[in-house]
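In what follows, a single structure is set out as structure tokens and then discussed.
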Amino acid sequence: MLGNVLANAESSVKLFSTIIYVAIVATINTWPYLILCLILYFLLLFILEFQAFKNIRLLIAPLFFIVAISAGIILLDLSAGKSIDRGLVLFLRALNAIYVLNTMISSMTLQELLSSMNSLHLPDIMVNLMGFTLRYSDILSREMARMMTARKARGYVPRKSMWHSSTMKVLGQTVGVLFIRSYERSERVYHAMLSRGYGGSVVPARRRKRLQTLDYIVGLAIILIPLTSKMAELGVILWIMPWK
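Residue 246 in the working numbering sits at position 241 of the sequence shown, with consecutive numbering throughout.
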């Protein structure tokens with residue numbers, strides 16, 4: 006089935022194509038062509054029968070941040086009598102980048118992601134940091150949930166607003182305790198890793214599979230989306246058309 010094409014494509018090809026996609030999108034300065042990128046990418050996912058909104062909840066936090074910054078720029082430009090294009094372009098660039106990264110990463114396992122970063126010769130510290138962050142963020146969220154459950158078992162009743170003084174106090178104490186526990190846990194984990202022969206890399210060697218034609222097609226299709234929009238913005242497509 007086509008739905009497995011994106012998931013089965015070589016992870017290093019997908020990651021490399023995604024990096025090129027984001028780099029080209031960062032050079033597009035006109036918001037209609039950034040919207041065109043999103044439309045073409047949605048079309049590609051539809052053709053591959055990939056779930057376009059898989060793990061979409063992960064975009065909520067960065068989207069709040071992007072919307073806040075873009076709205077601030079738009080308000081400043083409006084107060085100066087300028088158009089909203091600058092803020093809109095910033096928002097659409099960021100939306101393209103985080104959405105494409107989200108879909109590509111969700112099509113890989115953690116081991117595939119780290120191995121592909123390693124195969125692209127990204128700095129070891131970046132690969133290791135990514136691996137530790139993704140592995141232990143879930144552990145910390147579960148620890149936070151257990152601490153909140155323990156507080157409720159002791160009679161804590163959350164207020165209606167997070168900004169209530171008692172709620173802020175409890176949250177501050179909880180985050181502080183979580184930080185201390187995380188520090189202690191990280192020391193235990195580090196010493197355990199040293200005792201097991203940790204040598205500075207958490208990515209075991211993975212046998213790289215031979216690239217297939219389909220891998221090249223998927224990678225090229227991803228790169229062609231922003232490249233087509235950039236060429237259209239520059240007027241190159243109109244220039245090469247024989248029937249203009």
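By construction, the Cβ of each residue, glycine as well, lies at the ideal position given by its N, Cα and C atoms.
Whole-angstrom Cβ separation of residue i and residue j, contact assumed at under 8 Å?
| i | j | result |
| --- | --- | --- |
| S191 | S120 | S191 to S120, Cβ: 24 Å. No contact. |
| I78 | G92 | 4 Å |
| L74 | L95 | The amino acid occupying residue 74 in the given sequence is Ile; Leu does not appear at that position. Confirmed, Cβ separation roughly 7 Å. |
| T172 | M152 | About 15 Å; that fails the 8 Å criterion. |
| L118 | I130 | Not confirmed; about 16 Å, so no contact. |
Beta-carbon within less than 8 Å of residue i's beta-carbon, same chain only, minus the 5 sequence neighbours each way: which residues are those?
| i | result |
| --- | --- |
| L145 | L183, S187 |
| S88 | D82 |
| L43 | L97, L100, N101, Y104 |
| I61 | N107 |
Drop a sphere of 10 angstroms on the beta-carbon of residue i, count the other beta-carbons inside from all chains shown, and report buried for 16 or more, exposed for fewer.
| i | result |
| --- | --- |
| N101 | buried |
| P128 | exposed |
| P231 | buried |
| N13 | exposed |
| S170 | exposed |
| Y38 | buried |
| I71 | buried |
| V132 | buried |
Find out if the Cβ-Cβ distance for the pair residue i, residue j is shorter than 7 Å.
| i | j | result |
| --- | --- | --- |
| L63 | N107 | yes |
| I33 | K157 | no |
| F55 | L11 | yes |
| L139 | L115 | yes |
| E238 | T35 | yes |
| V27 | D220 | no |
I need the boundaries of the alpha helix (DSSP H) containing residue i, first residue and last residue.
| i | result |
| --- | --- |
| Q116 | 115-124 |
| R147 | 129-158 |
| Y46 | 36-52 |
| F184 | 170-200 |
| A237 | 218-239 |
| T32 | No alpha helix (DSSP H) contains T32, which DSSP labels as neither H nor E. |
| G92 | 90-111 |
| L68 | 65-84 |
| Q12 | Before going further, note that residue 12 is Ala rather than Gln in the sequence given. Per DSSP, A12 belongs to the alpha helix (DSSP H) from 10-13. |
Please go through the same chain and pick out, in chain order, the residues whose beta-carbon is closer than 7 Å to the beta-carbon of residue i, but skip the five residues on each side of it.
| i | result |
| --- | --- |
| S22 | G224, I227, I228 |
| V241 | none |
| E148 | L183, R186 |
| I29 | P231, L232, K235 |
Give every residue of the same chain whose Cβ lies closer than 6 Å to the Cβ of residue i, excluding the five residues on either side of it in the sequence, and list them in chain order.
| i | result |
| --- | --- |
| L50 | A57 |
| M113 | S16 |
| L41 | S234 |
| L20 | S121 |
| I25 | I228 |
| H126 | none |
| L45 | I230 |
| L199 | none |
Taking 7 Å as the CB-CB limit, is residue i close to chain B?
| i | result |
| --- | --- |
| L45 | Among the protein chains of the structure shown there is no chain B, as only one such chain exists. |
Residue i: beta carbon under 6 Å from a heavy atom of the ligand MN?
| i | result |
| --- | --- |
| I40 | Here there are no bound small molecules, and the ligand MN is not part of this structure. |
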